[in-house]
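Chemist: Numbering of the sequence shown is given in our numbering, commencing with residue 31 and proceeding in unit increments.
All residues carry an ideal CB built from backbone N, CA and C; glycine is no exception.
Please read these numbers as outputs of a predicted model, since none were measured by experiment.
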Amino acid sequence: MRRLSISTAHAFLLVYSVDDRSSFEEVRRLWEQIKEERTGYSELPCVVAGNKVSPAHCPFDVIPLFWKDR
């Protein structure tokens, strides 16, 4: 199912949890899979978004994770 979705998608929205580094690593794995499946991946719109940010109620420091790929 995932391969079919990747091969037919017109855009990608990859969401990770800012309080769970493993979810960010999963987004990285998904991006690698997209690059393997789609030859023109660099021309597809792709948004990587961090979820669960509430500065007023955040009991920890949010550390930005940088995406360097393109």
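Helix, strand or coil: how does DSSP classify Val-57 here?
Modeler: Val-57: helix per DSSP, three-state reduction.
Chemist: Tell me which residue opens and which closes the alpha helix (DSSP H) that Leu-44 is part of.
Modeler: Here Leu-44 belongs to no alpha helix (DSSP H); instead the beta strand (DSSP E) covers 42-47.
Chemist: Using a 10 Å radius around the Cβ and a threshold of 16 neighbouring Cβ atoms, would you call Val-48 buried or exposed?
Modeler: buried
Chemist: Taking the alpha carbon of Thr-38 as the point to measure from, which residue in Arg-51, Phe-54, Arg-68 and Arg-58 has its own alpha carbon closest?
Modeler: Arg-68
Chemist: Ends of the beta strand (DSSP E) at Ala-79?
Modeler: First-last of the beta strand (DSSP E) with Ala-79: 76-81.
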